[in-house]
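Protein chains: 2
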Amino acid sequence: MPADEPTGLRERKRLATRQAIQRAVLRLALERGLEHVTIEDVSREADISPRTFFNYFVSKEAAIAGDAPDFLDDEQLAVFVEGGPSGDLMGDLGDLMADAADHASESRETVMLRRDLHSRYPQLFALRMAGMRAFEDDLAGVISKRLLHDRPEYAREPEKLASRARLVTMVAFGALRHAWTCWAETDRSSEEALSTRLRDSFLQVRELLMQSSPA
Amino acid sequence: MPADEPTGLRERKRLATRQAIQRAVLRLALERGLEHVTIEDVSREADISPRTFFNYFVSKEAAIAGDAPDFLDDEQLAVFVEGGPSGDLMGDLGDLMADAADHASESRETVMLRRDLHSRYPQLFALRMAGMRAFEDDLAGVISKRLLHDRPEYAREPEKLASRARLVTMVAFGALRHAWTCWAETDRSSEEALSTRLRDSFLQVRELLMQSSPA
DNA sequence: AAAAATAATTGCAGACTATGCAACAATTGG
DNA sequence: CCAATTGTTGCATAGTCTGCAATTATTTTT
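For the record, the sequence lines run as chains A and B.
Following the working numbering, the numbering of the first sequence begins with 1 at its first residue and continues without gaps.
Following the working numbering, the numbering of the second sequence begins with 216 at its first residue and continues without gaps.
(1) Using a threshold of 7 Å, state whether the C-beta atoms of B/Phe417 and B/Gly309 are closer than that.
(2) With DSSP as the reference, label A/Ala155 as helix, strand or coil.
(3) Below 8 Å on the Cβ atoms is my guess for B/Val386 versus B/Ile358; work out the distance and round it to an integer in Å.
(4) Hey, is the segment 239-249 of chain B in contact with the segment 313-330 of chain B, meaning 3+ C-beta pairs nearer than 8 Å?
(5) Looking only at C-alpha atoms, which of B/Gly281, B/Pro265 and B/Leu339 sits nearest to B/Gly248?
(6) Nearest chain B C-beta to A/Asp200 closer than 7 Å, yes or no?
(7) Does B/Gly346 pass the burial test, meaning 16 or more other C-beta atoms within 10 Å, or should it be called exposed?
(8) Distance, Cα to Cα, B/Ala399 vs B/Ala277?
(9) Does DSSP put B/Met347 in a helix, in a strand, or in coil?
(10) Mark A/Asp73 as exposed unless 16 or more other C-beta atoms lie within 10 angstroms of its C-beta, in which case mark it buried.
(11) For A/Ala100, collect the residues of the same chain with a Cβ closer than 8 Å to its Cβ; drop the 5 residues on either side in sequence, then sort them by chain order.
(12) Assign B/Phe269 to one of two classes, buried (16 or more other C-beta atoms within 10 Å of its C-beta) or exposed (fewer than that).
(13) Can you have a look at B/Arg379 and say buried or exposed, based on whether 16 or more other CB atoms are within 10 angstroms of its CB?
(14) Mapping DSSP to helix, strand and coil, what is B/Asp352?
(15) Find out if the Cβ-Cβ distance for the pair A/Ala179, A/Leu209 is shorter than 7 Å.
(16) Buried or exposed for A/Ala175, going by 16 or more other Cβ atoms inside 10 Å?
(17) What does the alpha-carbon distance come out to for the pair A/Ala65 and A/Ala134?
(18) Tell me, please, whether the CB atom of A/Met170 is closer than 7 Å to any CB atom in chain B?
(19) So, A/Val18 versus A/Tyr56, is the Cβ gap smaller than 7 Å?
(20) Pick out the complete alpha helix (DSSP H) segments inside the segment 29-108 of chain A, 4 residues or longer, and give them in chain order.
(21) For B/Arg421, which residues of its own chain have a beta-carbon under 7 Å away from its beta-carbon, when the five flanking residues on both sides are left out?
(22) Pull up the distance between the alpha-carbon of B/Ala218 and that of B/Pro373, whole angstroms please.
(23) Closer than 7 Å, CB to CB, is B/Ala394 near chain A or not?
(24) Check whether the Cβ atoms of A/Lys145 and A/Val81 sit closer than 7 Å, and answer yes or no.
(25) Can you round the beta-carbon distance between B/Gly298 and B/Asp365 to whole angstroms, since I take them to be within the 8 Å contact cut?
(26) With A/Pro50 and A/Ser43 assumed to form a contact (beta carbons below 8 Å), what rounded beta-carbon distance in angstroms separates them?
(27) Check whether the Cβ of A/Leu209 lies closer than 7 Å to any Cβ atom in chain B.
(28) Along the segment 156-167 of chain A, where does the CB come closer than 7 Å to a CB of chain B? Name the residues.
(29) I'd like to know whether the C-beta of B/Ala231 is nearer than 7 Å to at least one C-beta of chain A.
(30) Can you name the residues of chain A whose CB is closer than 7 Å to the CB of B/Leu342?
(31) Comparing the C-beta of A/Pro214 with each C-beta of chain B, is any distance below 7 Å?
(32) Under a CB-based cut-off of 7 Å, is A/Arg133 close to chain B?
(33) How would you list, in chain order, the residues of chain A whose beta-carbon sits under 9 Å from the beta-carbon of B/Phe388?
(34) Just the chain A side, please: which residues come within less than 8 Å of B/Arg329 by C-beta, in chain order?
(35) Would you mind sorting A/Ser86 into buried or exposed? The rule is 16 or more other CB atoms within 10 Å of its CB.
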């Protein structure tokens, strides 16, 4: 279906403006410090009017936080829901997240700028996480289907299923945060991909509780 | 004559004002909706000047989010660090959090108002979580000591220990979020304590990965 | 108990954030 | 090329937040 990219001029311009704003605010914040950047500065840098800024983001913080990752194609999602690829829940979730990170629609520059900014202002990272509620809800839906596939008896207890799906989602977000935090700390010259870190963190979660019960 | 009241008048007044502001903003936000409450309204309700509001909280959101839970007494912490009380990491963390919830310094009224507000505005809950970074760092420190006690060989790999401690912390925060979310959804008339939910969520995390590996 | 030191409250000025509205400009589809 | 749709902008206005200096309240010292 998505063969080429026949998006209209309008849509392309909108995307370009959105990215220009994000680059602008990230660059300026890194350059002169978060508190010394105003919407007016950002707008000048991105070549738009201050009013237009608010057509794209509700606040400076939202522009810095950026968008939640895109979800994957339906096919990959279907594989996950039906117990694949490996059958291990945490491992498969790690794969899912890693692939999402690799196919991010954001430019590499934006991702790197944001990583540096998060290192300097850890609150921003927490804020980015806070902005991912919708993504989290989507994820919970997918996980719910997967759990139902793994243990069909959940069909008789829909509330328990929902609760469990949320628990898995929140634990997965813990792994996500861990991966991002580790990645943000790696040497700037290191070429280690975020996706590698993601897979690793999810596998560590898997190990974690196996080890935790003492003799 | 001097009943041991270690806190001076000044400190008590400050605490009272802080709590008055929180009650005011929560009540007003529940009553007329978040977006129809201004700092001026809150200040009037709490009997302070708008300027004073900002001596206590940096923003309206911060007042709503409230403070991170207090940590427990050193003795209880020492037990945890040395492998107690049960020896199971997640279970012990659940106990720790549950006790912290039971001994919260906040008034029951404030806790309930916040719960209701979070039900109506889930973003606020995410924001509250985002504001707990310092608490999270403290927790990571405690967990690091516990891990070192459980597996002294970590002493040879301090970086691995730190990374693992952070992972456990973030997974624990997932459990925390789950417990709070479930608790906020329970019937208002239910007397189920948050601490019960906390213990339950942590134990579920423990079970989770045991079950997750298929045949 | 008064005086000095310390800390909290307040008003005010000023910069910045954010939204509604209406005019204008650009893109799209016929 | 025209008409509909969508995006941009300026303006007005309400609200957020900070620095500063004056005032008031508590604590400490003598």
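Even glycine gets a Cβ: it sits at the ideal position worked out from N, Cα and C.
Taking the definition as stated:
(1) Residue mapping note: residue 417 of chain B aligns to position 202 of the second sequence, counting from 1. Residue mapping note: residue 309 of chain B aligns to position 94 of the second sequence, counting from 1. Yes, these two residues count as a Cβ contact at 7 Å.
(2) By one-based count along the first sequence, residue 155 of chain A stands at place 155. Of the three classes helix, strand and coil, the one that applies to A/Ala155 here is helix, per DSSP.
(3) Mapped onto the second sequence, residue 386 of chain B falls at position 171. Mapped onto the second sequence, residue 358 of chain B falls at position 143. With a Cβ gap of about 10 Å, B/Val386 and B/Ile358 do not count as contacting.
(4) yes
(5) Here residue 248 of chain B refers to the residue found at position 33 of the second sequence. Nearest in C-alpha terms to B/Gly248, of all of B/Gly281, B/Pro265 and B/Leu339, is B/Leu339.
(6) Indexing the first sequence from 1 puts residue 200 of chain A at position 200. Chain B contact via Cβ: absent.
(7) Sequence index remark: in the second sequence, residue 346 of chain B carries index 131 (1-based). Of the residues assessed, B/Gly346 falls on the buried side of the cut-off, its CB having 16 or more other CB atoms within 10 angstroms.
(8) In the second sequence, counting from the first residue as 1, residue 399 of chain B sits at position 184. In the second sequence, counting from the first residue as 1, residue 277 of chain B sits at position 62. So the two alpha carbons sit approximately 20 Å from each other.
(9) Indexing the second sequence from 1 puts residue 347 of chain B at position 132. DSSP places B/Met347 in coil when its eight states are reduced to three.
(10) Translated into positions along the first sequence, residue 73 of chain A becomes position 73. A/Asp73 comes out exposed.
(11) Here residue 100 of chain A corresponds to residue number 100 of the first sequence, with the count starting at 1. For A/Ala100, where only same-chain residues beyond five positions count, the Cβ hits under 8 Å are Pro69, Asp70, Phe71 and Leu72.
(12) By one-based count along the second sequence, residue 269 of chain B stands at place 54. B/Phe269 comes out exposed.
(13) As a working mapping, residue 379 of chain B is identified with position 164 in the second sequence. When all chains shown are included, B/Arg379 counts as buried.
(14) To locate residue 352 of chain B, count along the second sequence from 1; it is residue 137. In the three-state DSSP reduction, B/Asp352 falls in the helix class (H, G or I).
(15) For the purposes of this step, residue 179 of chain A is taken as residue 179 along the first sequence, with counting starting at 1. For the purposes of this step, residue 209 of chain A is taken as residue 209 along the first sequence, with counting starting at 1. No, the Cβ-Cβ distance between A/Ala179 and A/Leu209 is not below 7 Å.
(16) Counted from its first residue, the first sequence places residue 175 of chain A at position 175. Classification for A/Ala175: buried.
(17) To locate residue 65 of chain A, count along the first sequence from 1; it is residue 65. To locate residue 134 of chain A, count along the first sequence from 1; it is residue 134. Their backbone Cα atoms lie some 14 Å apart in a straight line.
(18) In the first sequence, the residue the question calls residue 170 of chain A occupies position 170. So, interface residue.
(19) Within the first sequence, the letter at position 18 stands for residue 18 of chain A. Within the first sequence, the letter at position 56 stands for residue 56 of chain A. For the sequence presented, residue 18 of chain A should be read as Arg rather than Val. It is a contact, given that the beta carbons lie within the stated cut-off.
(20) For the segment 29-108 of chain A, the continuous alpha helix (DSSP H) assignments of 4+ residues that do not extend past its boundaries occur at 39-46, 50-56, 60-65, 74-81 and 89-102, in sequence order.
(21) One-based indexing of the second sequence puts residue 421 of chain B at position 206. Hits under 7 Å: Asp303, Met305 and Gly306.
(22) On the second sequence, residue 218 of chain B is found 3 positions in, with the first residue counted as 1. On the second sequence, residue 373 of chain B is found 158 positions in, with the first residue counted as 1. In this prediction, B/Ala218 has a pLDDT of 41, which is less than 50 and means its spatial position is unreliable; what the coordinates show is noted afterwards. Roughly 47 Å between the two C-alpha positions.
(23) Reading the second sequence from its first residue, position 179 is the one you call residue 394 of chain B. For B/Ala394, the answer is no, since every Cβ of chain A falls outside 7 Å of its Cβ.
(24) One-based indexing of the first sequence puts residue 145 of chain A at position 145. One-based indexing of the first sequence puts residue 81 of chain A at position 81. Contact: yes.
(25) Along the second sequence, read from residue 1 onward, the residue named residue 298 of chain B stands at position 83. Along the second sequence, read from residue 1 onward, the residue named residue 365 of chain B stands at position 150. The C-beta distance from B/Gly298 to B/Asp365 rounds to 6 Å, short enough to meet the 8 Å contact threshold.
(26) Here residue 50 of chain A is taken as the residue at index 50 of the first sequence, counted from 1. Here residue 43 of chain A is taken as the residue at index 43 of the first sequence, counted from 1. Going by Cβ atoms, the distance from A/Pro50 to A/Ser43 rounds to 5 Å, so yes, they are a contact pair.
(27) Taking the first residue of the first sequence as position 1, residue 209 of chain A is located at position 209. Taking CB atoms only, A/Leu209 has a neighbour in chain B less than 7 Å away.
(28) Ser163, Arg166 and Leu167
(29) Counted from its first residue, the second sequence places residue 231 of chain B at position 16. No, no contact with chain A.
(30) Stepping through the second sequence from its first residue, residue 342 of chain B is reached at position 127. Neighbours of B/Leu342 in chain A, taken as residues whose beta carbon is under 7 Å from its own, are Ala130 in chain order.
(31) Within the first sequence, numbered from 1, the residue matching residue 214 of chain A stands at position 214. Note that A/Pro214 scores 46 on pLDDT, short of 50, meaning its location in the model is unreliable; the coordinates nonetheless yield the value given after this. True, the Cβ-Cβ gap to chain B drops below 7 Å.
(32) If you number the first sequence from 1, residue 133 of chain A lands on position 133. For A/Arg133, the answer is yes, since a Cβ of chain B falls inside 7 Å of its Cβ.
(33) Locating residue 388 of chain B in the second sequence gives position 173, counting from the first residue. Here the neighbours are Met170, Phe173, Gly174 and Arg177.
(34) Reading the second sequence from its first residue, position 114 is the one you call residue 329 of chain B. The premise fails here: B/Arg329 is roughly 16 Å from chain A at the closest Cβ pair, so nothing lies under 8 Å.
(35) Residue mapping note: residue 86 of chain A aligns to position 86 of the first sequence, counting from 1. Classification of A/Ser86: exposed, given that the 10 Å Cβ count is below 16.
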